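Chemist:
As structure tokens, this is what we get:
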């Protein structure tokens, strides 16, 4: 069973469109993250949620709106897509109480904006 | 600004050669983690170092955490083609919000057979 899953795996869309990416974790973790990875592999944190509450918002444009309906899910909605939004988006989760701070990453969603 | 610096950005080696990537933090860390991302894959946790001066080994991989807990290194002995990928260090700062990690930019390792 996949611990952290994301849908879709690939997303190709036109500039100006609105799209959503979904993430689910079955690890029982309280904390979830969204990262953006650019073409040079740089991993940039975007948001963090703890038990459905937004904790970290790393100066991301407000076209990006995360939503956490429950602690197992963290979705990302993007309005008015721009060329610069093309990247791989990773969801990750972490156990707050655990001994390690290991983050478990999903398989990623490759977003291409044309 | 960049909290954790990682070098080199790229490394190309012949199979059998050794490889090292280095991380430096501008602040003292509570711990440092290392992740590996295979081409087309996602970052996967390798190890966590917590203690000052700690050294841990995983087969051909040796991880070190500096005495001041501001730097770390990953050394791979006798690289194999299966070592190809991007290696990230990620530091946890003291008082960090809910385990927020500061990732280095990664070192992309290519191994020629």
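Residue numbers (my numbering), protein chains in the order written: chain P, 12 to 125; chain W, -12 to 100.
In this text, a Cβ means the ideal position worked out from N, Cα and C, and glycines have one as well.
Keep in mind the model is a prediction, meaning the values are calculated, not measured.
Counting contacts by CB-CB distance shorter than 8 Å, is residue 64 of chain P in contact with chain W?
Modeler: Locating residue 64 of chain P in the first chain gives position 53, counting from the first residue. By this cut-off, residue 64 of chain P is not an interface position.
Chemist: Taking its Cβ as the centre, do 16 or more other Cβ atoms sit within 10 Å of residue 78 of chain W, making it buried, or is it exposed?
Modeler: Numbered from 1 along the second chain, position 91 holds the residue referred to as residue 78 of chain W. Residue 78 of chain W comes out buried.
Chemist: Taking C-beta pairs closer than 9 Å, name the residues in chain W that residue 114 of chain P reaches, listed in chain order.
Modeler: In the first chain, the residue the question calls residue 114 of chain P occupies position 103. The contacting residues are 20, 22, 30, 32, 77, 86, 88.
Chemist: Please confirm if residue 80 of chain W has its CB atom under 8 Å from at least one CB of chain P.
Modeler: The count along the second chain starts at 1 and reaches residue 80 of chain W at position 93. It does not: the Cβ of residue 80 of chain W has no partner Cβ on chain P nearer than 8 Å.
Chemist: Could you list the residues in the stretch 38 to 61 of chain W with a C-beta less than 7 Å from some C-beta on chain P, going in chain order?
Modeler: Cβ contacts with chain P come from no residue of the stretch 38 to 61 of chain W.
Chemist: Following the continuous beta strand (DSSP E) through residue 89 of chain P, name the residue where it begins and the one where it ends.
Modeler: Within the first chain, residue 89 of chain P is the residue found at index 78, counting from 1. Per DSSP, residue 89 of chain P belongs to the beta strand (DSSP E) from 84 to 89.
Chemist: Return the CA-CA distance between residue 26 of chain P and residue 51 of chain W, expressed in angstroms with no decimal places.
Modeler: To locate residue 26 of chain P, count along the first chain from 1; it is residue 15. To locate residue 51 of chain W, count along the second chain from 1; it is residue 64. In a straight line, the C-alpha of residue 26 of chain P is about 45 Å away from that of residue 51 of chain W.
Chemist: Report all residues from its chain with a CB closer than 7 Å to the CB of residue 96 of chain P; omit the five preceding and five following residues, and keep chain order.
Modeler: Locating residue 96 of chain P in the first chain gives position 85, counting from the first residue. Excluding residues within five positions, the ones whose Cβ falls inside 7 Å are 89, 122, 124.
Chemist: Using a cut-off of 8 Å between C-beta atoms, extract the partners of residue 93 of chain W located in chain P.
Modeler: Numbered from its first residue, the second chain carries residue 93 of chain W at position 106. Going along chain P in sequence order, the residues near residue 93 of chain W (Cβ under 8 Å) are 52, 53, 54.
Chemist: Comparing the C-beta of residue 75 of chain P with each C-beta of chain W, is any distance below 8 Å?
Modeler: On the first chain, residue 75 of chain P is found 64 positions in, with the first residue counted as 1. Cβ-Cβ to chain W under 8 Å: no for residue 75 of chain P.
Chemist: I want to verify the contact list: residues of chain P whose CB lies under 8 Å from the CB of residue -7 of chain W, in sequence order.
Modeler: Taking the second chain and counting its residues from 1, one reaches residue -7 of chain W at position 6. Per Cβ cutoff of 8 Å: no residues; residue -7 of chain W is ~10 Å from chain P at best.
Chemist: Do the CB positions of residue 81 of chain P and residue 61 of chain P come within less than 8 Å of each other?
Modeler: Within the first chain, the letter at position 70 stands for residue 81 of chain P. Within the first chain, the letter at position 50 stands for residue 61 of chain P. Against a cut-off of 8 Å, the Cβ pair of residue 61 of chain P and residue 81 of chain P comes out as no contact.
Chemist: Determine the burial state of residue 108 of chain P: buried for a count of at least 16 other Cβ atoms within 10 Å of its Cβ, exposed for fewer.
Modeler: As a working mapping, residue 108 of chain P is identified with position 97 in the first chain. So residue 108 of chain P counts as exposed.
Chemist: For residue 5 of chain W, I'd like the list of residues in its chain whose CB is within less than 8 Å of its CB, leaving aside the five on either flank, ordered along the chain.
Modeler: Along the second chain, one-based indexing puts residue 5 of chain W at 18. Within the same chain, residue 5 of chain W has close Cβ partners 62, 63, 64, 65, 66.
Chemist: In the structure shown, what three-state DSSP assignment does residue 125 of chain P receive?
Modeler: Numbered from 1 along the first chain, position 114 holds the residue referred to as residue 125 of chain P. Reduced to three states, the DSSP call for residue 125 of chain P is coil.
Chemist: Answer with yes or no whether the minimum CB distance from residue 120 of chain P to chain W is below 8 Å.
Modeler: To locate residue 120 of chain P, count along the first chain from 1; it is residue 109. Closer than 8 Å: no.
Chemist: Do we get a CB-CB distance below 8 Å when we pair residue 39 of chain P with the residues of chain W?
Modeler: By 1-based counting over the first chain, the position of residue 39 of chain P is 28. No, residue 39 of chain P does not count as interfacial toward chain W.
Chemist: Out of P/39, P/28, P/29, P/31, point me to the one whose CA is closest to residue 133 of chain P's CA.
Modeler: Look at the range of chain P in this structure, 12 to 125, and you will see that residue 133 of chain P is not part of it.
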